[in-house]
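Inspection log for the structure reproduced underneath, given as structure tokens.
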Amino acid sequence: MASVSAPHDKKCPRCGSGLVDLEWRERINAREAQELWRCWNCKREFITAVASDGIEPSVAEIAEPFFTNLLV
């Protein structure tokens, strides 16, 4: 499991420490994900749910940066 470091406002529900690290994120469906957090202070793990309000990009929008126009 790789750890992800990013600014966040999460606090441990047990000890209230802000020293928590995002361990992994798992997509549930197109609009929801679950995140597993670990507290460095008390070593507790807890899960949060994240909902996305954004519009899903199309397949063409996702693939465009990977395929360049080869016509000269």
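Sequential numbering of the sequence shown, starting at -15, is according to the working numbering. C-beta atoms are modelled at their ideal positions from N, C-alpha and C, and glycine is treated no differently. Just so you know, these numbers come straight off a predicted model, no measurement behind them.
Should residue i be labelled buried (16 or more other beta-carbon atoms within 10 Å of its own) or exposed?
i       : result
Trp8    : exposed
Cys(-4) : buried
Cys(-1) : exposed
Cys26   : exposed
What three-state label does DSSP hand residue i in the structure shown?
i       : result
Ala44   : helix
Ile12   : coil
Asp(-7) : coil
Leu6    : strand
Arg22   : strand
Confirm, please, whether the CB-CB distance from residue j to residue i is below 7 Å.
i     : j     : result
Leu6  : Trp21 : yes
Ser42 : Arg15 : no
Gln18 : Glu29 : no
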